[in-house]
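J.: First the structure, which I've put down as structure tokens, then a few questions once you've had a look.
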Amino acid sequence: MPNRRFAFTLASSLADLGLEHVCISPGSRNTPLIAGFAAESRITKWPVLDERSAGFFALGLARATGLPVAVACTSGTAAVEYHPAVVEADLSDVPLLVLTADRPEELRGRGAPQTIDQISLYGTAVRMFADALVPDEDTPAEAAAETAVDIWAHATTSPPGPVHLNLPFREPLLEADWAVAPPRLERIERSTEPHPDLAPIAADLTGRRGLIVAGRSHDPDFPAACAELAAIAGFPIIADPLSGLRFGTHRQDHVLAYGDRLAAAGVLDMLRPEVVVRFGPIPTSKPTWTWLERHPDVNQILIDIQSRDATSSARTILEIDPGAAARSLTSSITAAAPAGWSKSWLDLDTSAAEALSQLEFPSEPAIARLVTEAAPNGSALTLGSSMPIRDVDGFAGKHTRHLRMFGNRGANGIDGVVSSGLGAAAAGLNTIILVGDVSLFHDLNAIGTAAQLGLPVTVVVVNNNGGGIFHFLPQSDESILEPDVFERFLATPHGTDFVPVAESLGAEAYETADPAELRTLVSNPTERPRLIQVRTDRAANLDLHRSLDEAVRRAVGVT
Ligand SMILES: Cc1ncc(C[n+]2csc(CCOP(=O)(O)OP(=O)(O)O)c2C)c(N)n1
Ligand SMILES: [Mg+2]
């Protein structure tokens, strides 16, 4: 069964299993894959010429659809370019099927062109690696179908993640006569794991002064389940922007709008919880997770699809689905926290909201808030890993319009933010990408890809001419690091005006310092990709954050 028939059978079997999208990058050795996918009409093909960007595109698409997405590239460094997205997919539980073309064994390790060692290229970042057999006339169709089942199962078994299938092809790469009827596969339904008895945990939560810390979740049912648990148990929720709890139609009576700001102001010491239920991975909010880290004495129960306690402070770790666990706990809790407990938290939340009600524009906190407020119902917001996600966490509050929020917070790279956002747009979601200038610089060709593919994304770039986040670190203190060294090698100002750059790549582009204009642009979905540049100042941003910290501390009575 030569190359094209093998690749088509693989593609077709993956379509049987539920694959809807593949992102293909150009090359010669992967022509069988290109031809094989091209012939499978059930799969949407996305051409993305840069594999680094393609990997993140697929990641964003897999996150937005909740289904595996495939990427396919040629041999050599092309395959290496997928590595950052593979790492992010591993750490944030996103199913990716990485298909890399390769030379057959006899050409490996002997200086053949564009041939590198692709065996186990991504190390421990993948759920499985396999070097496929070289298709030949004797290869049965079942071999490709079995390979499809194998990689699909490994990518989707809890916790989901990336898999790597290396595919050696011998020349001639494409046979002319290749008509084939591949075997039809049944869809694999994910098995529901047996559920541990949570009654003892529920007993631990009953009647306690408890707090919920909700980290990242892309389960659409999690926010309602968690919010219901909070209401029954009488626990306030510090909710990460990626938890789904802050912006949606579920009940929000126990969701703190400014949980991160309250933690920063020292409220966790003032209103100290007896027990903390932590859902999902470590939250973005540093004041929250550092408090958890310092308080292993407080009973912390961590519930996640995989055992990972970044703060090493959980007393109990339950490796189960957070939504299912929340529902189970809700039905077993028999009494709420003492009267006034959650009200004390929620009253301070209201005080913080008042202290933060006026944010000067243009400033980074105000941009984060405005974009979140203006985003149309049902939009997807992809947030840059540096200040954008922190500012949405700290200053965007909560509201009852449904927004989906995405961010590359597994590995926190700044290298594929825009490309990941394009993946959400490819899933059909109205997409807004809030990104810093250095991150945009890193992934600039994604703007060109958006134009080529006609993806109607809105990119809001906060251009503070460098990495503003570094000003919050001790390294920014001139007694620790010389200011010119800090500026040249950490902040890395580049002086780029992204408006003409975006225009030359085929996007509409605007610069604004007017909040009304930004609101109008963000609230009206676009038909073409567009970029909106808002300029801010890194030093002024640090001062503003400090004064807002102070204002919240005063408002909640911590001095
Ligand atoms: C691939 C990668 N390289 C470097 C870093 C380290 N890093 C973290 S934030 C940052 C600067 C980000 O600057 P920008 O996108 O302008 O956002 P700002 O900090 O100004 O909000 C850098 C270089 C990283 N996280 N990922
Ligand atoms: Mg910046």
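Residues 273 to 831 (our numbering) make up the sequence shown, in order. Virtual Cβ for every residue (Gly too), placed ideally from N, Cα, C. Here the structure is a predicted model, which means the values were calculated and not measured.
#1: Would you mind working out which of S692, K670 and E626 sits nearest A652, comparing C-alpha positions?
#2: Give the C-beta separation of V549 and I575 to the nearest angstrom, bearing in mind that I take them to be a contact with Cβ-Cβ under 8 Å.
#3: Within the same chain, show all residues whose beta-carbon is closer than 6 Å to that of R314, passing over the 5 residues directly before and after it, in chain order.
#4: Quick one: is the Cβ of D687 within less than 7 Å of any heavy atom of ligand 1?
#5: Contact check, V824 vs A529 under 8 Å by CB: the rounded distance?
#6: Can you confirm whether the stretch 798-808 touches the stretch 725-744 when touching is taken to mean that 3 or more C-beta pairs between the two stretches lie within less than 8 Å?
#7: Determine, using beta carbons only, whether T346 and A307 come nearer to each other than 8 Å.
#8: Look up T428 in the DSSP assignment and say whether it is helix, strand or coil.
#9: What number of angstroms, rounded off, separates the C-alpha of P431 from the C-alpha of R587?
#10: According to DSSP, which residues form a beta bridge with K317?
#11: Any idea what DSSP makes of A357, helix, strand or coil?
#12: Among L777, N571 and R523, whose alpha-carbon lies nearest the alpha-carbon of R544?
#13: Compute every distance between the C-beta of N684 and the non-hydrogen atoms of ligand 1, then say whether any falls below 7 Å.
#14: If you count every other CB in all the chains shown that lies within 10 Å of the CB of S658, and 16 or more means buried, which is it?
#15: I need the boundaries of the beta strand (DSSP E) containing R550, first residue and last residue.
#16: Following the continuous alpha helix (DSSP H) through T560, name the residue where it begins and the one where it ends.
#17: The alpha helix (DSSP H) spanning A840 covers which residue range?
#18: As a quick check of your reading: which residues have a C-beta less than 6 Å from at least one non-hydrogen atom of ligand 2, in chain order?
#19: Exposed or buried, which one is H526 when buried takes at least 16 other CB atoms within 10 Å?
#20: Going by DSSP, which residues form a beta bridge with N735?
#21: Under the three-state reduction of DSSP, which class applies to H671: helix, strand or coil?
#22: In this structure, how does DSSP classify R335 when only helix, strand and coil are distinguished?
#23: May I have the straight-line CA-CA distance separating Y661 from P298, to the nearest angstrom?
T.: Once the coordinates are examined:
#1: For A652, the closest C-alpha among the options S692, K670 and E626 is that of S692.
#2: Contact check for V549 and I575: beta-carbon distance about 7 Å, within the 8 Å limit, so the pair qualifies.
#3: Spatial neighbours of R314 in its own chain (CB-CB distance under 6 Å, excluding positions within 5 residues in sequence) are listed in chain order as A287.
#4: The answer is yes for D687.
#5: About 12 Å; that fails the 8 Å criterion.
#6: Yes: at least three Cβ pairs fall under 8 Å.
#7: Taking 8 Å as the cut-off, the Cβ atoms of T346 and A307 do not count as close.
#8: T428 sits in a helix when the DSSP states are folded into three classes.
#9: About 22 Å.
#10: The beta-bridge partner set that DSSP reports for K317 consists of V294.
#11: Taken through DSSP and simplified to helix, strand or coil, A357 comes out as helix.
#12: Of the candidates L777, N571 and R523, the one whose C-alpha sits nearest the C-alpha of R544 is N571.
#13: Yes, the Cβ of N684 comes within 7 Å of a heavy atom of ligand 1.
#14: Within 10 angstroms of the beta-carbon of S658 lie 16 or more other beta-carbons, which makes it buried.
#15: Unbroken beta strand (DSSP E) run through R550: V547 to F551.
#16: First-last of the alpha helix (DSSP H) with T560: K558 to R566.
#17: Residue 840 lies beyond the stretch modelled for the chain, which goes from 273 to 831, so this question has no answer here.
#18: Cβ atoms closer than 6 Å to ligand 2 belong to G708, D709, V710, N736, G738, G739 and G740.
#19: Around the CB of H526, 16 or more other CB atoms lie within 10 Å, so the residue is classed as buried.
#20: R807, per the DSSP bridge assignment.
#21: Strand, per DSSP.
#22: Collapsing the DSSP output to three states places R335 in a helix.
#23: This sequence places Ile at residue 661; Tyr is not what is there. Going by C-alpha positions, I661 is about 33 Å away from P298.
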